[in-house]
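Residue numbers (our numbering): -12 to 90.
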């Protein structure tokens, strides 16, 4: 999601786009609150429309920088997982060869 968004819109987009959603809306709001306290997002209230006010959130420059760091961390973890999967496949292949030799 790019640009400002209010909490329920963020939650809806995450539900649609994240394959394995392991959170609920209270978790999202607690996380947004923590991110705001750390200066990663900022927020403001919009009372211009009828109905309840909406709290809008937007990522800060610090947040964008942290996303870059998070991306690099994910890339390293993917490489570690790929290594594990390759080694696991080699191990399985070796075990199958050993079993074939046994019989």
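Cβ atoms here follow ideal geometry from the backbone N, Cα and C, with glycine treated the same way.
- In angstroms, rounded to a whole number, what distance separates the CA positions of residue 21 and residue 73? Counted from its first residue, the chain shown places residue 21 at position 34. Counted from its first residue, the chain shown places residue 73 at position 86. So the two alpha carbons sit approximately 38 Å from each other.
CB residue 33 to CB residue 40, shorter than 9 Å?
-> Taking the first residue of the chain shown as 1, we reach residue 33 at position 46. Taking the first residue of the chain shown as 1, we reach residue 40 at position 53. Yes, these two residues count as a Cβ contact at 9 Å.
If we call anything under 9 Å between Cβ atoms a contact, is residue 30 one with residue 44? Indexing the chain shown from 1 puts residue 30 at position 43. Indexing the chain shown from 1 puts residue 44 at position 57. Contact: yes.
Return helix, strand or coil for residue 8, following the three-state DSSP convention. The residue you call residue 8 lines up with position 21 of the chain shown. It is coil, neither helix nor strand.
Starting from residue 30, follow the beta strand (DSSP E) in both directions and report where the run begins and ends. Within the chain shown, residue 30 is the residue found at index 43, counting from 1. First-last of the beta strand (DSSP E) with residue 30: 28 to 33.
Using the Cα positions of residue -8 and residue 50, report the straight-line distance between them to the nearest angstrom. Here residue -8 corresponds to residue number 5 of the chain shown, with the count starting at 1. Here residue 50 corresponds to residue number 63 of the chain shown, with the count starting at 1. Residue -8 and residue 50: Cα-Cα distance of roughly 15 Å.
*Work out the CA separation of residue 59 and residue 53 for me, nearest whole Å.*
Within the chain shown, numbered from 1, the residue matching residue 53 stands at position 66. Within the chain shown, numbered from 1, the residue matching residue 59 stands at position 72. For residue 53 and residue 59, the distance between alpha carbons rounds to 10 Å.
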